[in-house]
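2 protein chains.
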Amino acid sequence: MVRKSATIQDVAVAAGVSTATVSRTLSKPSVVAKATREAVLSAVERTGYRVNATASNLRRQRTGSVIALLPNLANPFFSQILAGMSAVFRQAGYGLLVADTRAEPDPEGRLTHYLRSGLADGIVLLDGTLSAASLTRPARPPVVLACEWMQEDLPSVRSDNAGGGALAVAYLVGMGHRRIGHITGPQGNCLSQTRLDGFQAAITAQGAQTRAAWIFEGDFSMESGAAAAQAWLGLTDRPSAVFCASDEMAIGFMGAVQHRGLRVPEDVSLVGFDNIEVAGHLSPPLTTIQQRRSEIGGRAARLLLDMIDAGSLTGPSETIGVELIERGSVARIAP
Amino acid sequence: MVRKSATIQDVAVAAGVSTATVSRTLSKPSVVAKATREAVLSAVERTGYRVNATASNLRRQRTGSVIALLPNLANPFFSQILAGMSAVFRQAGYGLLVADTRAEPDPEGRLTHYLRSGLADGIVLLDGTLSAASLTRPARPPVVLACEWMQEDLPSVRSDNAGGGALAVAYLVGMGHRRIGHITGPQGNCLSQTRLDGFQAAITAQGAQTRAAWIFEGDFSMESGAAAAQAWLGLTDRPSAVFCASDEMAIGFMGAVQHRGLRVPEDVSLVGFDNIEVAGHLSPPLTTIQQRRSEIGGRAARLLLDMIDAGSLTGPSETIGVELIERGSVARIAP
DNA sequence: TCTGAAGGCGCAATCGTTTACGGGCCGGTG
DNA sequence: CACCGGCCCGTAAACGATTGCGCCTTCAGA
């Protein structure tokens, strides 16, 4: 027969105390006498007791886990943020559940589901496009947004996206570029908009120029970067540099123009955004704006934990600085 | 005051039945009379009742979640397998917990911890290097390995790695190559070994040649691919093609030789392994062996669910076929 | 010696479900 | 009419931990 694992009862018997004392020894060791504590710990050791998290959670009216809702688990960008959260939650004794919102139909329904399900003590939302009406429900768990943000005043942790756009432009101008294009993310996305705003403000501030025909709409994917390259190739009057709102679009762009026999950075300079791992191994290696993904994840996790502890539905938003990683995809040109 | 969410008691009162009937209606609708069932469902609707998973799990002696242990959450290769598992587990009503084994010290201890903790009803292990002695414990949850495998007879779901190596060689020979090198994964890794075996068997079978100096040891990373390129550059007698045991190493290799001013595929042909997303957007696009990562994840998940249902610690291993994706990193040469 | 406070511990209720068991009720059969 | 077998459903006992309440000891101070 399979021996069930020991319960707190077994430990209590083995130590000659009550279950209450065992429980206290394990959770608040300071309130039990030294001798008792040692007897209990020894009994725990002997019986191989492990606290049953389910029972504990039921009694304590919590679930012991948090859930991360992300648009696409397969996207390395998101999974690196997850990695940052993972360690923080684990140390705090929370399990990290993951769910892919876009893998199935009705992503907003999924969010609503998780808000109501009581499956988690908190939610990290990595998809700012979801705007569930259920966020106004009174008895929902705390939610923090990572990377993206929404109109509702949910706390969020994100990079300085506008600053990144400005940084890219300043660098390009410093390298002698005056005519600068941009590939945006999908329309309506907060990241797209903020990076575009930062880009345009810096263009003006730096005395560079851009124009409507040089602003290509993408969706962060490599394919859309390649499509932008086609549009760029079709221009009679091309910008000498393009700031891409994601590394993936920069890669798509680069691959497509190289495929046409043009060269980066001689024929066009590129600056990406994200600093994904492959960026440094391309030819030429990609100059890009680095987001500290792991830190974003870690901060979001800690923020959520604070809210859970405080029983609060709101908290302070945070902005993480970005920096430019200089590599080889931008040419120095004579102005 | 914050209204707690309705319990099964509230529903029972609202429907004028006992809690047992409510529970039965929700889990085995066929055993309650139609009229009763409708009354209960209506009461559920009215009260906004949601079953408390923690209480249910406690009573049913399960946890309702499975845990995926992966060496590195930030690695897109693994996260895509996760994505494949995610949907399957969700539909089966299981939550998917993730944990990063290598993010913290003592990965084997972590595995042991999860085996004993009772936190999950099953474990998907994506790290074949862990060989916890605890796997022999009698009362452990079922475990399946995905991608990798171990000496112990745990069920596993993996690609046809040897077949992939052979496929690469056959293709290269078909393109006229006779002198073929290889970048392996880390020594001792089962994937490395199997791909190497498939490679060498095919070299012999196809009448091509390789030699010890053309076999470079890598670790699947871009850096190690770049290092292999340095070694390759240092050879006086170079192979005309290199089969890389991962796309990442192929990318590192390609970046490094291009950086030296050599060209792919004119100066060296490359075949990768995995077909990661960026492979098709490189210049040249990378010819590679495709692994069906999402399917691996899905199959592993289903296998684990079967084992959980059957209360079994063993199950059938599966091998998923691979295919060669022809792109532009291999030149046709005159033999 | 008596009193009060405080430290240490046990009793038992409680968290919300599931499910074995048994008891009505109804209809059919002998 | 008695009996029996199915349906349905309610009663109540778990599942394993946490914790408010209160009792008992001990010890210091008067």
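Protein sequences, first through last, are from chains U and C. To convert a position in the first sequence, counted from 1, into our numbering, add 1218. To convert a position in the second sequence, counted from 1, into our numbering, add 1218. In this text, a Cβ means the ideal position worked out from N, Cα and C, and glycines have one as well.
- Nearest to residue 1310/C by alpha-carbon distance, out of 1441/C, 1478/C, 1543/C and 1339/C, is 1339/C.
- Taking C-alpha positions only, residue 1471/C is separated from residue 1477/U by approximately 19 Å.
- Classified as buried, residue 1466/C has 16 or more neighbouring CB atoms from the shown chains inside 10 Å of its CB.
- In the DSSP annotation of this structure, the continuous segment of the alpha helix (DSSP H) that includes residue 1448/U starts and ends at 1440-1451.
- Collapsing the DSSP output to three states places residue 1362/C in a strand.
- Take the alpha-carbon of residue 1468/U and the one of residue 1385/C: they are about 32 Å apart.
- Within the region 1304-1324 of chain U, those residues whose Cβ lies closer than 7 Å to any Cβ of chain C are, in chain order, 1304, 1305, 1308, 1313, 1314, 1315, 1316, 1317, 1318, 1321 and 1322.
- Under DSSP, residue 1400/U shares a beta bridge with 1433/U and 1461/U.
- The beta carbon of residue 1360/U is closer than 7 Å to those of 1340, 1522, 1525, 1526, 1530 and 1531 in its chain, skipping five residues each way along the sequence.
- Among the residues of chain C, none has a CB under 7 Å from the CB of residue 1479/U; the nearest is roughly 10 Å distant.
- Residue 1229/C places its beta carbon 8 Å or farther from that of residue 1273/C.
- In this structure, residue 1458/U places its C-beta atom within 8 Å of the C-beta atom of residue 1395/U.
- If you compare the alpha carbons of 1534/C, 1377/C, 1446/C and 1549/C with that of residue 1503/C, the shortest gap goes to 1549/C.
- A Cβ-Cβ separation of about 6 Å places residue 1250/C in contact with residue 1239/C under the 8 Å criterion.
- Residue 1334/U belongs to the set of residues whose beta carbon lies under 8 Å from a beta carbon in chain C.
- Residue 1294/C has a beta carbon lying within less than 8 Å of a beta carbon in chain U.
- In the DSSP assignment, residue 1510/U falls outside any beta strand (DSSP E) and carries neither an H nor an E.
- Of all residues in the region 1454-1470 of chain U, the ones placed with a Cβ closer than 7 Å to any Cβ belonging to chain C are 1469 and 1470, in chain order.
- Going by beta carbons, residue 1499/C and residue 1473/U fall inside the 8 Å limit.
- Here the C-alpha atom of residue 1421/U lies approximately 25 Å from the C-alpha atom of residue 1440/U.
- Taking the beta carbon of residue 1297/U as reference, the chain C residues within 7 Å of it are 1291, 1292, 1294 and 1297, listed in sequence order.
- DSSP, reduced to helix, strand and coil, places residue 1382/U within a helical segment of the structure shown.
- The beta carbon of residue 1448/U sits no closer than 8 Å to any beta carbon of chain C.
- The C-alpha of residue 1365/C lies about 14 Å from the C-alpha of residue 1293/C.
- The beta-carbon separation of residue 1505/U and residue 1452/U, rounded to 25 Å, does not stay under the 8 Å limit for a contact.
- With contacts defined as CB atoms closer than 8 Å, residue 1257/C and residue 1233/C qualify as a contacting pair.
- Considering only 1344/U, 1283/U and 1314/U, the residue with the shortest C-alpha distance to residue 1514/U is 1344/U.
- Of all residues in the region 1492-1505 of chain U, only 1494, 1495, 1496, 1498, 1499, 1500, 1501, 1502 and 1503 come within less than 9 Å of chain C when Cβ atoms are compared, listed by chain position.
- A residue is called buried when at least 16 other Cβ atoms come within 10 angstroms of its Cβ; residue 1454/U does not meet this threshold and is exposed.
- Three or more pairs of CB atoms, one per stretch, sit closer than 8 Å, so the region 1309-1329 of chain U contacts the region 1273-1287 of chain U.
- Residue burial annotation: residue 1447/C is buried, with at least 16 other C-beta atoms found within 10 angstroms of its C-beta.
- Burial check for residue 1487/C: the Cβ neighbour count within 10 Å reaches 16 or more, so the residue is buried.
- Under the Cβ distance rule, residue 1525/C does not count among the residues neighbouring chain U, no pair being separated by less than 8 Å.
- By the neighbour-count criterion, in which 16 or more other beta carbons inside 10 Å mark a residue as buried, residue 1492/U falls on the buried side.
- With three or more CB-CB distances shorter than 8 Å, the region 1533-1547 of chain U counts as touching the region 1372-1382 of chain U.
- Within 10 angstroms of the beta-carbon of residue 1227/U lie fewer than 16 other beta-carbons, which makes it exposed.
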